[in-house]
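Student:
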Amino acid sequence: MEIKDFSGFPMLSLTLYFNRAIEDKHWLEAIVLAHMYIETQLRMILGFDDFRKTPRAKKEETVYSLNRQAYKKKAIDKLLYERIDHFNSTRNNAVHNLTLGIISYEDLEPMANEAAKLIRELNDLETAIRSRRT
């Protein structure tokens, strides 16, 4: 898949790179890109006026803390919160275990595929929030 310059559209770029990584079976790259996408989506969701009662998320905040904030503000439901939390902790363990040789590169495939589902769900949520604002 050829990626054109979409530098003005960072979420589109992330999505295209993620899809290419999945297509090319570059599981570690897909997982890293999914993590970036999830972090960015949570920041965007928290930035919507409907959910923002406090200042915007700080740059140093992690997916863990952003996820927790989004859940506390009822921007995401409990199931999505748990799935993001599971992805985040599993990602940390998987990278560590891959480095130590405990798991093989191919063992990352199910995690990358689960990340694709999370990306679609977060994208749908953002679209729904945007549509309620107009």
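According to numbering that gives the first Met the number 0, the sequence shown is numbered sequentially starting from 0.
For every residue, glycine included, the Cβ atom is placed at its ideal position computed from N, Cα and C.
1. Please state whether DSSP places residue 61 in a helix, a strand or coil.
2. Take residue 34 and list the residues in its own chain whose beta-carbon comes closer than 7 Å to its own, dropping the five residues that flank it on each side.
3. On a CA-only basis, which of 127, 130, 108 and 129 is nearest residue 27? Give me that one, please.
4. Excluding sequence positions up to five away, which residues of its chain have a Cβ less than 7 Å from the Cβ of residue 17?
5. Keeping to the same chain, check which residues put their C-beta closer than 7 Å to that of residue 114; ignore five residues upstream and five downstream.
6. Between the Cα of residue 111 and those of 83, 69, 68 and 66, spot the shortest distance and give me the residue it belongs to.
7. Relative to the alpha-carbon of residue 39, which residue among 72, 19 and 11 has its alpha-carbon at the smallest distance?
8. As a quick exercise: from 132, 130, 125 and 131, pick the residue whose alpha carbon is nearest that of residue 42.
9. Go ahead and pull the three-state DSSP assignment for residue 29.
Tutor: So, from the listed chains and residues:
1. coil
2. 62 and 90
3. 108
4. 29, 32, 33, 36 and 118
5. 29, 30, 33 and 86
6. 83
7. 11
8. 125
9. helix
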